[in-house]
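For reference, the structure discussed in these notes is given below.
Number of protein chains: 2
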Amino acid sequence: MGAPTVYDVAKRAQVSIATVSRVYRNPDTVRSQTRDRVLAVARELGYVPSGNARGLASRSTGVLGLCFPDYADPEVEDDGAADDPEQMLYADEITRGMERAARRHGYALLIAASLAGGPESLVAKVAGRVDGFAVLARTVPTEDLEIISRRLPVVMIAGPREIDHLDHLEVANADGEYEMATHLIRDHGLRRLAFLGGTTDSPDAEARFHGFQRACAAAGLAVPDEPDTRGNFTQADGRAATDRLLQRVGQPPEAMVCANDQMALGALQALERQGLRVPQDVAVVGFDGIPLGRMVRPSLTTVTQPMRKLGEAAVDLLVERLGEPNRSPRSMLLPVTQTRRESCGCPSPAPEAGLSRLG
Amino acid sequence: MGAPTVYDVAKRAQVSIATVSRVYRNPDTVRSQTRDRVLAVARELGYVPSGNARGLASRSTGVLGLCFPDYADPEVEDDGAADDPEQMLYADEITRGMERAARRHGYALLIAASLAGGPESLVAKVAGRVDGFAVLARTVPTEDLEIISRRLPVVMIAGPREIDHLDHLEVANADGEYEMATHLIRDHGLRRLAFLGGTTDSPDAEARFHGFQRACAAAGLAVPDEPDTRGNFTQADGRAATDRLLQRVGQPPEAMVCANDQMALGALQALERQGLRVPQDVAVVGFDGIPLGRMVRPSLTTVTQPMRKLGEAAVDLLVERLGEPNRSPRSMLLPVTQTRRESCGCPSPAPEAGLSRLG
DNA sequence: CTGAAAGCGCTAACAT
DNA sequence: ATGTTAGCGCTTTCAG
Numbered sequence: 001m002g003a004p005t006v007y008d009v010a011k012r013a014q015v016s017i018a019t020v021s022r023v024y025r026n027p028d029t030v031r032s033q034t035r036d037r038v039l040a041v042a043r044e045l046g047y048v049p050s051g052n053a054r055g056l057a058s059r060s061t062g063v064l065g066l067c068f069p070d071y072a073d074p075e076v077e078d079d080g081a082a083d084d085p086e087q088m089l090y091a092d093e094i095t096r097g098m099e100r101a102a103r104r105h106g107y108a109l110l111i112a113a114s115l116a117g118g119p120e121s122l123v124a125k126v127a128g129r130v131d132g133f134a135v136l137a138r139t140v141p142t143e144d145l146e147i148i149s150r151r152l153p154v155v156m157i158a159g160p161r162e163i164d165h166l167d168h169l170e171v172a173n174a175d176g177e178y179e180m181a182t183h184l185i186r187d188h189g190l191r192r193l194a195f196l197g198g199t200t201d202s203p204d205a206e207a208r209f210h211g212f213q214r215a216c217a218a219a220g221l222a223v224p225d226e227p228d229t230r231g232n233f234t235q236a237d238g239r240a241a242t243d244r245l246l247q248r249v250g251q252p253p254e255a256m257v258c259a260n261d262q263m264a265l266g267a268l269q270a271l272e273r274q275g276l277r278v279p280q281d282v283a284v285v286g287f288d289g290i291p292l293g294r295m296v297r298p299s300l301t302t303v304t305q306p307m308r309k310l311g312e313a314a315v316d317l318l319v320e321r322l323g324e325p326n327r328s329p330r331s332m333l334l335p336v337t338q339t340r341r342e343s344c345g346c347p348s349p350a351p352e353a354g355l356s357r358l359g
Numbered sequence: 001m002g003a004p005t006v007y008d009v010a011k012r013a014q015v016s017i018a019t020v021s022r023v024y025r026n027p028d029t030v031r032s033q034t035r036d037r038v039l040a041v042a043r044e045l046g047y048v049p050s051g052n053a054r055g056l057a058s059r060s061t062g063v064l065g066l067c068f069p070d071y072a073d074p075e076v077e078d079d080g081a082a083d084d085p086e087q088m089l090y091a092d093e094i095t096r097g098m099e100r101a102a103r104r105h106g107y108a109l110l111i112a113a114s115l116a117g118g119p120e121s122l123v124a125k126v127a128g129r130v131d132g133f134a135v136l137a138r139t140v141p142t143e144d145l146e147i148i149s150r151r152l153p154v155v156m157i158a159g160p161r162e163i164d165h166l167d168h169l170e171v172a173n174a175d176g177e178y179e180m181a182t183h184l185i186r187d188h189g190l191r192r193l194a195f196l197g198g199t200t201d202s203p204d205a206e207a208r209f210h211g212f213q214r215a216c217a218a219a220g221l222a223v224p225d226e227p228d229t230r231g232n233f234t235q236a237d238g239r240a241a242t243d244r245l246l247q248r249v250g251q252p253p254e255a256m257v258c259a260n261d262q263m264a265l266g267a268l269q270a271l272e273r274q275g276l277r278v279p280q281d282v283a284v285v286g287f288d289g290i291p292l293g294r295m296v297r298p299s300l301t302t303v304t305q306p307m308r309k310l311g312e313a314a315v316d317l318l319v320e321r322l323g324e325p326n327r328s329p330r331s332m333l334l335p336v337t338q339t340r341r342e343s344c345g346c347p348s349p350a351p352e353a354g355l356s357r358l359g
């Protein structure tokens with residue numbers, strides 16, 4: 001009881017398999033009478049063309065891929081908030097942007113997030129099934145990427161230009177953090193700033209720290225060599241890192257600049273638990289612009305990335321390169337915006353959404 | 001300059017293609033010495049297994065699919081809010097739930113939204129590349145589904161049980177709307193309610209209307225045969241339908257019960273433009289629970305669907321059936337919740353998110 | 001406009 | 001442990 005194939009349809013419709021194929025690929029090259037007969041038989045038999053066979057024979061799939069790391073905060077998954085749309089994070093927004101853009105270009109999107117187990121399998125899984133794909137930084141070992149990108153268009157999102165012949169997309173991490181830190185120093189008059197960094201293998205987090213350093217230097221403050229503390233980007237890490245920081249001797253900082261929003265949220269929690277008020281005692285700022293940041297109290301001041309646009313740009317680059325495989329590698333830097341809310345000491349912003357914005 | 005294949009690797013590593021294949025599928029069945037040699041050659045050559053060939057030969061892909069209609073409100077896409085996460089709609093939440101669940105089960109997710117052009121191609125595209133897939137109601141012609149589902153596990157989300165041998169998922173539309181309408185009537189003392197319906201081909205919208213009718217009946221009010229006006233689910237439709245309603249002779253209704261949130265948002269705009277205050281002059285309620293509903297002013301009272309759970313349940317059903325192909329079709333009804341905000345006349349709720357909820 | 005035939009790259013028995 | 005041999009279902013010249 002295997003699924004019907006071109007052969008079954010061909011036989012039943014009294015034509016060759018080539019004709020069946022044509023009916024689906026170039027309907028116009030088949031006499032309409034023949035075509036109708038084939039189509040009729042096809043539905044009668046429940047024939048569905050095999051995408052795999054098609055891809056194999058034609059060397060193209062009409063599918064674009066996206067690989068991203070398993071960013072999910074475990075604690076977020078487990079509690080009752082699992083159904084809260086506000087939890088949506090970085091990768092989801094990029095997915096969304098890519099899906100939209102892919103659709104416009106007539107492509108479907110294959111999404112794969114790495115999970116415990118070989119990352120090898122992750123890329124292989126995707127790479128073998130798409131015409132090209134995007135990778136979020138730190139998802140795939142550079143070496144694997146190096147190999148695969150020799151065979152397939154790959155665009156690297158939000159990482160360093162690890163491989164120089166890849167198309168590459170990034171946001172203005174350093175400049176964005178520079179501007180944010182400068183805001184804290186100049187507009188709020190803060191001087192003792194602490195930086196809650198990410199892991200050293202994250203180029204984005206490092207770039208943000210560099211921006212922070214530059215701001216300190218520009219303001220004539222001491223320039224730290226290293227972040228005051230680090231975490232692995234989750235809320236839990238942010239809490240832990242903040243606790244560690246507070247336990248150190250000396251007074252708490254006047255401001256905490258966090259490498260991403262999730263850790264900033266964790267910092268908010270840790271500070272609250274220590275009885276410190278934000279922003280009166282300590283200002284807190286994040287980076288990313290996740291939706292949850294605007295819902296918490298105090299609402300989170302942050303540097304907002306154009307996440308959706310990243311996804312769209314990735315698809316655009318992919319499609320471009322598919323059309324022109326030998327074009328020289330292209331790199332784009334997308335701008336970020338400053339989102340000033342309560343946690344830095346700025347006044348609570350006016351309602352951010354209202355009917356006026358809807359139409 | 002074709003991509004290297006098993007043959008190239010086999011020749012260079014002095015083994016047969018079968019061995020190369022084994023190295024990737026069952027590494028343990030190959031002597032480690034041989035394996036290392038093959039792997040070395042593979043990376044040297046830049047070999048990446050073809051997912052298509054694999055799928056063809058093994059009849060399984062490790063990919064699950066999702067088809068949904070192109071719900072996007074055009075006006076939402078076009079304006080500057082394109083990067084606003086609050087715009088996220090129904091299908092996106094389901095996507096998210098499916099992606100998460102698929103990942104847990106070791107599957108990747110293929111997403112395809114219909115676009116102008118043959119829906120035929122949409123299903124074919126997905127169906128031929130996945131081990132099973134989910135379809136949002138009204139995305140794919142029933143006839144096509146009927147055919148495809150004979151060959152592949154399909155779960156239908158949020159539609160009627162159009163095809164009785166399909167696994168099927170829906171939410172408590174009628175009960176949810178019944179409860180909402182009853183709230184308006186009993187708790188707010190409203191009596192002249194108008195229903196802004198969807199298109200007649202949407203079973204969800206119709207079910208909601210039935211729930212509305214039941215509430216009217218239960219309260220001893222006149223029971224309408226038909227929605228007072230209808231729209232095609234977008235904000236623009238909601239505005240237009242509301243304008244039409246208001247232009248009709250007679251006084252405006254005391255409440256507008258809308259078949260979905262987007263139209264309710266449109267209704268809010270139309271009422272505002274007519275100088276009517278919500279909820280003082282007219283109460284407005286929606287259905288779905290899209291994020292934007294909580295950001296608008298007045299915030300939207302609505303019946304919230306467990307969208308993410310729908311996605312997860314879809315994957316679970318798919319995986320179950322993949323494991324047990326002949327299991328009898330299963331149908332699940334997911335509960336909805338009442339979300340009372342300002343637009344029905346309830347007091348503005350306490351801040352919905354705070355640190356307390358985060359850990 | 002239609003048919004014949006040669007693959008596309010891999011997996012899966014079945015041998016050895 | 002490894003090799004041989006068939007396909008998997010379709011696209012694609014090349015003929016006719």
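Here the protein sequences come in this chain order: A and B. Numbering-wise (full-length UniProt numbering), the first sequence opens with residue 1 and increments by one. Numbering-wise (full-length UniProt numbering), the second sequence opens with residue 1 and increments by one. Backbone N, C-alpha and C define an ideal beta-carbon position, used for all residues, glycine too.
Item	Value
Sub-8 angstroms separation of Asp201/B and Arg138/B beta-carbons	yes
Residues in the segment 49 to 67 of chain B having any Cβ partner in chain A nearer than 8 angstroms	Pro49, Ser50, Gly51, Asn52, Ala53, Arg54, Gly55, Leu56, Thr61, Gly62, Val63
CB of Tyr111/A within 8 angstroms of CB of Leu66/A, strictly	The identity of residue 111/A in the sequence shown is Ile, whereas the question assumes Tyr. Going by C-beta atoms, Ile111/A is nearer than 8 angstroms to Leu66/A.
Own chain residues within Cβ distance below 6 angstroms of Ser331/B, not counting five before or after	His168
For Leu333/A and Ala172/A, believed in contact at Cβ under 8 angstroms, the rounded distance	6 angstroms
DSSP-derived helix/strand/coil call for Ser114/B	coil
Within chain A, partners of Arg151/B - CB distance below 7 angstroms	Ala3, Gly46, Val48
Spatial distance of Ala207/A from Gln280/A (CA atoms)	28 angstroms
Three CB pairs or more closer than 8 angstroms across the segment 308 to 321 of chain B and the segment 285 to 292 of chain B	no
Interface partners of Ala127/A on chain B, CB under 8 angstroms	Val48, Gly51
Rounded straight-line distance, which links the Cα of Val223/B to that of Arg244/B	21 angstroms
Residue environment, Asn326/B, which counts as buried when at least 16 other CB atoms sit within 10 Å	exposed
As assigned by DSSP and simplified to three states, the class of Leu276/B	coil
Under 8 angstroms between C-beta atoms of Leu271/B and Val296/B	no
Contact set between the segment 232 to 257 of chain B and chain A, restricted to residues whose Cβ is under 8 angstroms from the partner	Gln235, Ala236, Arg239
Neighbour-count burial assignment, Glu77/A, 16 or more Cβ in a 10 Å radius	Per-residue confidence for Glu77/A stands at a pLDDT of 47, beneath the threshold of 50, marking its modelled position as unreliable; no derived number is given.
Strand pairing of Thr199/A, partner residues [DSSP]	According to DSSP, which records beta bridges pairwise, Thr199/A is partnered with nothing at all.
Continuous beta strand (DSSP E) stretch holding Val63/A: start and end	63 to 68
Start and end residues, alpha helix (DSSP H) containing Val23/A	17 to 25
Proximity to Cys344/A [Cα-Cα], best of Asn260/A, Gly2/A, Met256/A	Met256/A
Test: Asp28/A CB closer than 8 angstroms to a CB of chain B	no
Three-state class that DSSP yields for Gly2/A in the structure shown	coil
Contact with chain A by Cys228/B, beta-carbon distance below 8 angstroms	The amino acid at residue 228/B is misidentified as Cys; the sequence shows Asp. No - not a single Cβ of chain A is within 8 angstroms of the one on Asp228/B.
Cα-Cα separation, Arg54/A to Met307/A	34 angstroms
Check: Leu64/B C-beta below 7 angstroms from any heavy atom of the ligand FMN	This structure lacks the ligand FMN; in fact it carries no ligand of any kind.
Reduced DSSP category for Asp288/A - H, G, I as helix; E, B as strand; rest coil	strand
Where Ala207/B sits in the DSSP three-state scheme	helix
Contact set between the segment 122 to 148 of chain B and chain A, restricted to residues whose Cβ is under 9 angstroms from the partner	Leu122, Val123, Ala124, Lys125, Val126, Ala127, Gly128, Arg129, Val130, Glu143, Asp144, Glu146, Ile147, Ile148
Inter-residue Cα distance where the pair is Arg96/A and Leu310/A	10 angstroms
Ser32/A (DSSP reduced to helix, strand or coil)	helix
Chain A within 8 angstroms of Leu109/B, Cβ atoms only	yes
Supposed contact pair Ile185/B and Arg191/B - C-beta distance, whole angstroms, cut 8 angstroms	7 angstroms
Sub-8 angstroms separation of Val126/A and Ala108/B beta-carbons	yes
Glu170/B (DSSP reduced to helix, strand or coil)	strand
Alpha carbon of Glu179/B to alpha carbon of Thr199/B, nearest angstrom	22 angstroms
Nearest candidate by alpha-carbon position, reference Gln235/B, set Gln262/B, Asp228/B, Val249/B	Gln262/B
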